[in-house]
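Undergrad: The structure follows.
Residue numbers (the UniProt record's numbering): 1 to 174.
Dropping the structure here:
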């Protein structure tokens, strides 16, 4: 084999290895991919949607009410969940006739993203420091902080913020 051919092959090997390393770094440290297994977040995210989360979303900022995050289920960390942040650290959350009230406010939380009119009363829950109270958008079919044995998600357990859906539809998640 002549010297030019060897050089070309070596060049291609370097490109392939470099691409593999870059993909590995992106997949393990920057993004997280998941398939949504249930309808608990409908109509925002549908069953079987393929989504991408951004692992570095909260590196220099704090999670906000309304963010949709990925995290290990507090009652069984072998399973990852996707829910919306409703309660922030230090807040008192109470659900009365399906409406969310924060810190005793007489006006319920405005939630235009809900699939249908929620039912039920729960709480009050006092959210610990550095933790969050999570709920699904399809409240009548969501197992979330209202019913979990360990109802809060610690900030350090957040895997990423859900930002993009790539299958079957394509678009940003809000």
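For every residue, glycine included, the Cβ atom is placed at its ideal position computed from N, Cα and C.
Among 151, 27, 95 and 81, which residue has its Cα nearest to the Cα of residue 45?
TA: For the purposes of this step, residue 45 is taken as residue 45 along the chain shown, with counting starting at 1. Minimum Cα distance to residue 45 is reached at 81.
Undergrad: Can you give, in chain order, each stretch of the beta strand (DSSP E) that sits fully within the UniProt domain "Peptidase S26" (10 to 166) and has at least 3 residues?
TA: DSSP runs (the beta strand (DSSP E)) wholly in the UniProt domain "Peptidase S26" (10 to 166): 31 to 35, 50 to 54, 68 to 72, 80 to 87, 92 to 96, 99 to 102, 122 to 126, 131 to 135 and 152 to 154.
Undergrad: Tell me the rounded alpha-carbon separation between residue 97 and residue 118.
TA: If you number the chain shown from 1, residue 97 lands on position 97. If you number the chain shown from 1, residue 118 lands on position 118. When rounded, the distance between both Cα atoms is 8 angstroms.
Undergrad: Per the contact definition of three or more C-beta pairs closer than 8 angstroms, is the region 66 to 81 in contact with the region 158 to 172?
TA: For the pair of segments examined, the region 158 to 172 was found to touch the region 66 to 81: the number of CB pairs separated by less than 8 angstroms reaches three.
Undergrad: Since residue 148 contacts residue 37 with CB under 8 angstroms, what's their CB separation in whole angstroms?
TA: Residue numbering aside, residue 148 sits at position 148 when the chain shown is read from its first letter. Residue numbering aside, residue 37 sits at position 37 when the chain shown is read from its first letter. With a Cβ gap of about 17 angstroms, residue 148 and residue 37 do not count as contacting.
Undergrad: Using 9 angstroms as the threshold, is the C-beta distance between residue 54 and residue 93 below it?
TA: The residue labelled residue 54 in the question sits at position 54 within the chain shown. The residue labelled residue 93 in the question sits at position 93 within the chain shown. Going by C-beta atoms, residue 54 is not nearer than 9 angstroms to residue 93.
Undergrad: Looking at chain B, is there any beta carbon in it that lies within less than 9 angstroms of the beta carbon of residue 161?
TA: This model lacks chain B altogether; it includes just one protein chain.
Undergrad: Just how far apart, CA to CA, sit residue 39 and residue 108?
TA: As a position in the chain shown, residue 39 is number 39, starting the count at 1. As a position in the chain shown, residue 108 is number 108, starting the count at 1. Looking at the two C-alpha atoms, the distance is approximately 24 angstroms.
Undergrad: Would you kindly work out how many angstroms separate the C-alpha atoms of residue 21 and residue 154, rounded to a whole number?
TA: As a working mapping, residue 21 is identified with position 21 in the chain shown. As a working mapping, residue 154 is identified with position 154 in the chain shown. In a straight line, the C-alpha of residue 21 is about 31 angstroms away from that of residue 154.
Undergrad: Apart from the five residues on each side of it in sequence, which residues of its chain come closer than 8 angstroms, Cβ to Cβ, to residue 131?
TA: Indexing the chain shown from 1 puts residue 131 at position 131. Here the set comprises 89, 152, 153, 154 and 155.
Undergrad: Please list, in chain order, all residues of the same chain as residue 43 whose beta carbon is under 6 angstroms from its beta carbon, the five residues on each side excluded.
TA: Indexing the chain shown from 1 puts residue 43 at position 43. Counting only Cβ-Cβ distances below 6 angstroms, and skipping sequence neighbours, we find 115.
Undergrad: Whole angstroms are fine: how far does the CA of residue 84 sit from the CA of residue 139?
TA: Reading the chain shown from its first residue, position 139 is the one you call residue 139. Reading the chain shown from its first residue, position 84 is the one you call residue 84. A straight-line Cα-Cα distance of about 11 angstroms links residue 139 and residue 84.
Undergrad: Run the CB neighbour count on residue 95, radius 10 Å, all protein chains shown included, and call it buried at 16 or more, exposed below.
TA: Indexing the chain shown from 1 puts residue 95 at position 95. Buried: at least 16 other Cβ atoms inside 10 Å.
Undergrad: Let me confirm a value: residue 104 is counted as buried when at least 16 other C-beta atoms fall within 10 Å, else exposed. Which label applies?
TA: On the chain shown, residue 104 is found 104 positions in, with the first residue counted as 1. The residue is exposed, with fewer than 16 neighbouring Cβ atoms inside 10 Å.
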